[in-house]
Amino acid sequence: MAENKKPKKIRIEDYPTFRKDWNKEKIVEKTGHILKEIGALQYQMFAEQKHSLLLVFQGMDASGKDGLTRGLLEYCNPIGIKVKSFKKPTPDEYAHDFLWRVHQAVPAKGEFQVFIRSHYEDILVPTVEGYIPAKTIAQRYRLINDFERLLEHHGTRILKFYLHVSPDVQKERLIERITLKEKHWKHKDGDWETREKTAEYLKVYEKIFQKCGDIPWHIVPSDKNWQKLYFVAEKVLKTLRDMKLKWPELVTEVFNEKNTFNPQS
Numbered sequence: 040m041a042e043n044k045k046p047k048k049i050r051i052e053d054y055p056t057f058r059k060d061w062n063k064e065k066i067v068e069k070t071g072h073i074l075k076e077i078g079a080l081q082y083q084m085f086a087e088q089k090h091s092l093l094l095v096f097q098g099m100d101a102s103g104k105d106g107l108t109r110g111l112l113e114y115c116n117p118i119g120i121k122v123k124s125f126k127k128p129t130p131d132e133y134a135h136d137f138l139w140r141v142h143q144a145v146p147a148k149g150e151f152q153v154f155i156r157s158h159y160e161d162i163l164v165p166t167v168e169g170y171i172p173a174k175t176i177a178q179r180y181r182l183i184n185d186f187e188r189l190l191e192h193h194g195t196r197i198l199k200f201y202l203h204v205s206p207d208v209q210k211e212r213l214i215e216r217i218t219l220k221e222k223h224w225k226h227k228d229g230d231w232e233t234r235e236k237t238a239e240y241l242k243v244y245e246k247i248f249q250k251c252g253d254i255p256w257h258i259v260p261s262d263k264n265w266q267k268l269y270f271v272a273e274k275v276l277k278t279l280r281d282m283k284l285k286w287p288e289l290v291t292e293v294f295n296e297k298n299t300f301n302p303q304s
């Protein structure tokens with residue numbers, strides 16, 4: 040459970056988008072070992088059915104949320120893995136409270152869940168675009184904190200990541216969506232409009248980090264995919280290890296203490 044203390048104020052500009060002190064060859068090799076252990080522990084978590092893990096990936100367009108998800112789950116067993124990408128709410132979702140669609144997607148015991156974007160979009164977008172009253176937005180910060188505490192109370196560990204990409208790299212990636220055929224499907228004209236409002240979005244993100252930081256946010260250097268994957272994988276592995284996972288004991292009525300068939304079976 041998160042400690043009840045005031046979160047440290049985070050200024051995004053104080054965090055690097057690229058770590059010059061990291062050796063790529065060594066990091067890539069280390070990441071491979073980490074991913075394999077994550078896969079083993081994820082499967083054990085599913086077998087034990089006592090814990091669950093929720094990863095929240097936020098970031099500006101083209102920060103690499105989809106690619107990170109693919110890389111992180113490379114050695115995981117599809118059984119027990121869920122990925123949810125949150126987009127503009129549907130009319131049915133709009134007809135309910137803003138957390139209704141989110142609560143339906145949270146992990147059950149034993150599950151490893153990734154949110155590509157999340158409930159924080161319901162603060163970010165309406166704040167910048169201004170289509171929800173400020174009073175309603177202010178209430179959502181408190182409601183999200185209560186929601187995340189509820190999940191933790193039920194045994195779900197939550198890791199929240201902001202993928203920090205530089206404006207130049209983001210522009211390169213957005214252009215690739217236009218010039219590379221295999222990336223056309225990712226292109227949205229609106230991404231360029233959102234890019235023009237980057238400063239406004241970052242201001243809201245910093246407010247989110249402060250007001251919804253009881254469960255801490257991790258600012259991920261995301262200009263290079265190998266750095267992004269390593270940073271997140273390390274945090275995930277530590278969390279899984281901290282769960283002290285155990286294989287469940289045998290439960291059966293077929294064998295007796297002498298490992299012979301029970302004649303009543």
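Per the numbering used here, the sequence shown starts with residue 40, numbered consecutively.
Glycine is no exception: its CB is placed at the ideal position from the N, C-alpha and C atoms.
Measure the CB-CB distance between Lys148 and Ser205 and report whether it falls below 7 angstroms. Result no, Cβ atoms of Lys148 and Ser205 do not sit closer than 7 angstroms.
Cβ-based burial, Val24 [other Cβ within 10 Å; buried from 16]: What the structure shows of the chain is the stretch from 40 to 304, and residue 24 is not part of that stretch, so it cannot be assessed.
If I follow the unbroken beta strand (DSSP E) through Ile217, where does it start and stop? No beta strand (DSSP E) contains Ile217, which is instead part of the alpha helix (DSSP H) from 206–218.
Just the C-alpha distance for Lys227 and Glu288, rounded to the nearest angstrom, thanks. Separation of Lys227 and Glu288 (C-alpha to C-alpha, rounded to the nearest whole angstrom) is 50 angstroms.
Would you mind stating whether Leu93 and Ile197 have Cβ atoms separated by less than 7 angstroms? Yes, the pair counts as a contact, with Cβ atoms nearer than the cut-off.
Inter-residue Cα distance where the pair is Val153 and Ile176: Their Cα atoms are separated by approximately 24 angstroms.
C-beta contact flag for Gly103 and Lys267 at 7 angstroms: In contact: Gly103 and Lys267 (Cβ atoms closer than 7 angstroms).
Would a C-beta distance cut-off of 7 angstroms place Lys225 and Arg216 closer than the cut-off? Between Lys225 and Arg216, the CB-CB gap stays under 7 angstroms.
Comparing alpha-carbon positions, which option in Asp100, Asp53, Ser157, Val95 lies nearest Arg212? Nearest neighbour of Arg212 by Cα position, chosen from Asp100, Asp53, Ser157, Val95, turns out to be Asp100.
Report yes if the CB atom of Phe200 is closer than 7 angstroms to the CB atom of Phe96, and no otherwise. Cβ distance < 7 angstroms, so Phe200 and Phe96 count as in contact.
Give the straight-line distance between the Cα atoms of Glu187 and Glu132, rounded to the nearest whole angstrom. Rounded to whole angstroms, Glu187 to Glu132 spans 20 angstroms at the Cα level.
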